[in-house]
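Residue numbers (the working numbering), protein chains in the order written: chain A, 2 to 424; chain B, 2 to 424. As structure tokens, the structure follows; a few thoughts come after it.
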């Protein structure tokens, strides 16, 4: 079998990461870690495998059908996790008595969905998860948003490049109630509204009718969706409504965190996952070319659903795929991440010991040093050096050893510096 | 259901990582990455899921029975990878025509084995993999060893703490041949020898007999195992044997890399995996308290077996479990990794904006700042600050805002510094 027709490939829909792919992935993960760390989030992680029951219990409706499920040799129903939140809830519930709340935790988690392979969608992606558990005030929402914006900034995206659309399920519920739509119709209404943009408004109308709304209630839903500002929405509610107080505080907190200019009230933001109960948000590129960069919101019932005491939480998920598409398309992909520092080569076995001693000394000084594994002709050495590429190169021949110096060559500027050799 | 008896746990044999567990894991992974980077290895990664056929084709005999296999919804046979080497071989074979050899690649990969749950063994672990592909000379072995030793040094383990036991399957084969044991008996002999220490010498004798060796051949094997030095082993072979030349070069290279004092010839080192063909090695703590810290060797047939052109390689695997046990047991576990930098709290909502402005400014200066999510009484704030713990804390009350300064308190020394506030 020829090497150009290898027998094996990665499983369908899953990515291999060659060194040139890892350059960006490492940069992105380091950025996520750095932003989380600067905001004092603490890291956690868990197996990619979870019990199927946990995932079915907590995952959103759409996700349940896409779970990558299987049985182990003992017949246990397991699955590759489609998202990290059920795992987080399980871990916190298990130690709820001893953990000190509020918690600020983050993870970078590979998540799997068994989707049909259309439009280049993959069956796995990495997601940065930020969660704050046990803080009722809206400063939790602002803290996860500020941390995500910090990551965007570190990736070179300015405040004008991204807009964060937000709404509130609590607000939506209060408005629906004010419009005469009873609480038990709300979940179906949220689900229908979340389909906006994916299916036609006509089909959404049909869904609303099917869920039991009458004509005038459907008309109220459409009127509600035409609300363009937070002020207009709040004006419908009684001034002493807790929703009004909460959203006014949210606006004030965003201003204090210098983020007001990036935020946009958008009543159409609902989020697919069933567990959200309060503020919900999705961040888009300002040109609206791509799917959401990140999204999230507040959930109140997650811990109770896995056996814990009821505890409020706020979560944000930021995937690795859309941000890469955007940086590539906008010409902002950092290109220098793969460049190596220094490579050392030698002409004959007689210079190997001398080259090794130099490499060891430079590594002790904290430099990245690639030491040739065998003798090379100068041409071969320099072509290899410029291929990765390395920033600089030292090539040692017999003359260098006898005069006790070698030349360090800057491969960009071609400038040369003398380096003493120990022989 | 009470929170002390949560419904869900991690799947049997798999680890959750709480923040206190992540502190060491991050330190270890950063150390591995740093050592690989300093030696100019390039990162790669691949899905934790692979086709079952690939893994069965390449994995060692023992591993095949422990593969965590399952079927996806299309009936494809997949598995959680038990080791990274088959994946590496597949990725390289797929691009063999365009990659520039030799390659120096590394990965930190979670690997899964479905073992019976005895003696606290887990069903997953993380393994640092270093591989050099396409370099025939023994400088490849020395380079992966030097990189692993660099990681040990960064973890605080000195040259006297670890001994690297090595042998060579090529040497063992040449010795068996010199003792009159034909090549087709070698694989079974290697497998029997690899069981040493796990089963009795009597049982190994039985295995050797069962594989077709007669009494005098078995006696030759035992004589061979009594060889205590490399010199004694090489003296048996003709001086012009390529094995003699290779191992003499190996010794010289180890000296040039200042590693000779850590190495110990040990003819009993065989390694379980079927694919090794040359040098094999395992590193142990000097007191021999623990299982091997890392192990590896040269494999010549791996790429051909997945459809690639025959290409030699050297690999090293370094797991996360034994090193953690050793550092813990020896009292060398770094304890400060979890400590936070600075936390800022405030007494009343009126000081929130001022505290936020200070937090934003300090984060811009590159400091890690935890900003309280709500007002706290001083006692509650300082108890939270010392719990994580943070290195220092700023607590802002109304008096601080009016005088335009707050106190930064060093939580270890109790020293206080004045910090100007913007109001």
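Built from N, CA and C at the ideal position, the CB exists for glycine as well. Nothing here was measured: the structure is a model prediction, and the numbers come from that model.
(message) Once DSSP output is grouped into helix, strand and coil, what is the label at residue 2 of chain B?
(response) Numbered from 1 along the second chain, position 1 holds the residue referred to as residue 2 of chain B. Note that residue 2 of chain B scores a pLDDT of 38, beneath 50, so its modelled location is shaky and nothing firm can be said.
(request) Mind checking which residues open and close the alpha helix (DSSP H) that includes residue 354 of chain A? (result) The count along the first chain starts at 1 and reaches residue 354 of chain A at position 353. Counting along the chain, the alpha helix (DSSP H) containing residue 354 of chain A begins and ends at 353 to 365.
(message) With a threshold of 8 Å, are at least 3 pairs of Cβ atoms found where one atom belongs to the region 316 to 323 of chain A and the other to the region 196 to 209 of chain A?
(response) no
(message) Could you check whether the Cβ of residue 74 of chain A sits closer than 7 Å to any heavy atom belonging to the ligand SAM?
(response) The model on display carries no ligand, and the ligand SAM is accordingly not part of it.
(message) I need the DSSP call for residue 406 of chain B, collapsed to helix, strand or coil.
(response) For the purposes of this step, residue 406 of chain B is taken as residue 405 along the second chain, with counting starting at 1. Three-state result, residue 406 of chain B: strand.
(request) In the DSSP assignment, find the beta strand (DSSP E) that holds residue 125 of chain A and state where it starts and stops. (result) Residue mapping note: residue 125 of chain A aligns to position 124 of the first chain, counting from 1. Unbroken beta strand (DSSP E) run through residue 125 of chain A: 125 to 134.
(request) For the region 22 to 46 of chain A, enumerate the residues whose C-beta is nearer than 7 Å to any C-beta of chain B, in chain order. (result) 23, 27, 38, 39, 41, 43, 44, 45 and 46
(request) Let me know the secondary structure DSSP gives residue 81 of chain A once reduced to three states. (result) One-based indexing of the first chain puts residue 81 of chain A at position 80. The answer is strand: DSSP assigns residue 81 of chain A an E or B state.
(message) Strictly under 8 Å for the Cβ-Cβ distance: is residue 84 of chain A near chain B by that measure?
(response) Position 83 of the first chain, counting from 1, holds the residue named residue 84 of chain A. For residue 84 of chain A, the answer is no, since every Cβ of chain B falls outside 8 Å of its Cβ.
(request) Closer than 6 Å by C-beta to residue 171 of chain A: which residues in its own chain qualify, once you throw out the five before and the five after it? Chain order, please. (result) Taking the first chain and counting its residues from 1, the one referred to as residue 171 of chain A is at position 170. The answer, listed in chain order, is 244 and 279.
(request) Check whether the Cβ atoms of residue 328 of chain B and residue 368 of chain B sit closer than 8 Å, and answer yes or no. (result) As a first step, residue 328 of chain B must be located in the second chain, where it is residue number 327. As a first step, residue 368 of chain B must be located in the second chain, where it is residue number 367. No.
(request) For residue 324 of chain A, name the three-state secondary structure that DSSP assigns. (result) The residue labelled residue 324 of chain A in the question sits at position 323 within the first chain. In this structure, residue 324 of chain A counts as helix in the three-state DSSP scheme.
(message) Measuring only the C-alpha atoms, how far is residue 48 of chain A from residue 127 of chain A?
(response) Translated into the one-based positions of the first chain, residue 48 of chain A becomes position 47. Translated into the one-based positions of the first chain, residue 127 of chain A becomes position 126. In a straight line, the C-alpha of residue 48 of chain A is about 14 Å away from that of residue 127 of chain A.
(request) Closer than 9 Å, Cβ to Cβ, to anything on chain A: give me those residues from the region 63 to 81 of chain B, in chain order. (result) Within the region 63 to 81 of chain B, the qualifying residues are 69, 70, 71, 72, 73, 74, 75, 77, 79 and 81.
(request) Give the single residue among B:326, B:376, B:358 and B:381 whose Cα lies nearest to the Cα of residue 25 of chain B. (result) Counting from 1 along the second chain, the entry for residue 25 of chain B is found at position 24. Closest option to residue 25 of chain B, Cα to Cα, is B:326.
(message) Going residue by residue through the region 211 to 270 of chain A, where are the continuous beta strand (DSSP E) segments of at least 3 residues, counting only ones entirely within it?
(response) 264 to 266
(request) Check the DSSP bridge columns for residue 421 of chain B and list the partner residues they point to. (result) Sequence index remark: in the second chain, residue 421 of chain B carries index 420 (1-based). Per DSSP, B:406.
(message) Just checking: is the beta-carbon of residue 390 of chain A within a distance shorter than 8 Å of some beta-carbon in chain B?
(response) Reading the first chain from its first residue, position 389 is the one you call residue 390 of chain A. No, no contact with chain B.
(request) Keeping to the same chain, check which residues put their C-beta closer than 6 Å to that of residue 334 of chain B; ignore five residues upstream and five downstream. (result) Counted from its first residue, the second chain places residue 334 of chain B at position 333. Here the set comprises 328.
(message) Taking CB distances under 8 Å as the criterion, tell me whether residue 379 of chain B reaches chain A.
(response) Counting from one through the second chain, the residue named residue 379 of chain B turns up at place 378. No, because no Cβ of chain A sits closer than 8 Å to the Cβ of residue 379 of chain B.
(request) Look at the alpha carbon of residue 353 of chain A and the alpha carbon of residue 108 of chain B, and state the distance between them as a whole number of angstroms. (result) Residue 353 of chain A sits at position 352 when you count from the first residue of the first chain. Residue 108 of chain B sits at position 107 when you count from the first residue of the second chain. Roughly 28 Å between the two C-alpha positions.
(message) Helix, strand or coil for residue 343 of chain B? Go by DSSP, reduced to three states.
(response) Counted from its first residue, the second chain places residue 343 of chain B at position 342. Residue state, collapsed to three classes: strand.
(request) Could you tell me if residue 230 of chain B is buried or exposed, where buried requires 16 or more neighbouring beta carbons within 10 angstroms of its beta carbon? (result) In the second chain, the residue the question calls residue 230 of chain B occupies position 229. Its Cβ having fewer than 16 others within 10 Å, residue 230 of chain B is exposed.
(request) Can you pull the chain A residues whose beta carbon is under 8 Å from the beta carbon of residue 258 of chain B, in chain order? (result) Residue numbering aside, residue 258 of chain B sits at position 257 when the second chain is read from its first letter. Neighbours of residue 258 of chain B on chain A, chain order: 357 and 361.
(message) Distance check for residue 123 of chain A and residue 112 of chain B, CA to CA, integer angstroms please.
(response) Here residue 112 of chain B refers to the residue found at position 111 when the second chain is read from its first residue. Here residue 123 of chain A refers to the residue found at position 122 when the first chain is read from its first residue. Those two C-alpha atoms are separated by around 22 Å.
(request) Per DSSP, which residues does residue 164 of chain B bridge with? Please list them. (result) The residue given as residue 164 of chain B occupies position 163 in the second chain. Its beta-bridge partners are B:285.
(message) Less than 7 Å between C-beta atoms, sequence neighbours within five positions excluded: which residues of the same chain meet that for residue 255 of chain B?
(response) Within the second chain, numbered from 1, the residue matching residue 255 of chain B stands at position 254. Only 143, 261 and 264 meet the Cβ criterion.
(message) So, for residue 407 of chain A: in the same chain, excluding its five sequence neighbours on each side, which residues have a beta-carbon less than 8 Å away from its beta-carbon?
(response) In the first chain, residue 407 of chain A corresponds to position 406, counting from 1. Once the five neighbours on either side are set aside, the close Cβ partners of residue 407 of chain A are 359, 395, 396, 397, 401, 419, 420 and 422.
(request) Answer with buried or exposed for residue 410 of chain B, where buried requires no fewer than 16 other C-beta atoms within 10 angstroms of its C-beta. (result) Position 409 of the second chain, counting from 1, holds the residue named residue 410 of chain B. That one is buried.
(request) Grab me the residues of residue 145 of chain A's own chain with a C-beta within less than 8 Å of its C-beta, minus the 5 sequence neighbours each way, in chain order. (result) Mapped onto the first chain, residue 145 of chain A falls at position 144. Correct list, in chain order: 131, 132, 133, 297, 315, 316 and 317.
(message) Taking a contact to mean a Cβ-Cβ separation below 8 Å, would you say residue 341 of chain A touches residue 41 of chain B in this structure?
(response) Here residue 341 of chain A refers to the residue found at position 340 when the first chain is read from its first residue. Here residue 41 of chain B refers to the residue found at position 40 when the second chain is read from its first residue. It is a contact, given that the beta carbons lie within the stated cut-off.
(request) Express the C-alpha separation of residue 240 of chain A and residue 23 of chain B in angstroms, rounding to a whole number. (result) As a first step, residue 23 of chain B is located in the second chain; it is residue number 22 there, counting from the start. As a first step, residue 240 of chain A is located in the first chain; it is residue number 239 there, counting from the start. Between the alpha carbons of residue 23 of chain B and residue 240 of chain A lies a distance of about 46 Å.
(request) Within 10 angstroms of the Cβ of residue 82 of chain B, are there 16 or more other Cβ atoms? Answer buried if so, exposed if not. (result) Taking the first residue of the second chain as position 1, residue 82 of chain B is located at position 81. Counting Cβ neighbours within 10 Å, residue 82 of chain B comes out buried, since at least 16 surround it.
(request) Select from the region 310 to 341 of chain A all residues with a C-beta closer than 7 Å to any C-beta belonging to chain B, and list them in chain order. (result) 310 and 341
(message) Going by DSSP in three states, residue 307 of chain A sits in which element: helix, strand or coil?
(response) Along the first chain, read from residue 1 onward, the residue named residue 307 of chain A stands at position 306. Reduced to three states, the DSSP call for residue 307 of chain A is coil.
(message) My assumption, with CB atoms under 8 Å, is that residue 140 of chain B sits in contact with residue 375 of chain A. Please give the rounded CB distance.
(response) On the second chain, residue 140 of chain B is found 139 positions in, with the first residue counted as 1. On the first chain, residue 375 of chain A is found 374 positions in, with the first residue counted as 1. Their Cβ separation, rounded to whole angstroms, is 7 Å, which keeps residue 140 of chain B and residue 375 of chain A in contact under 8 Å.
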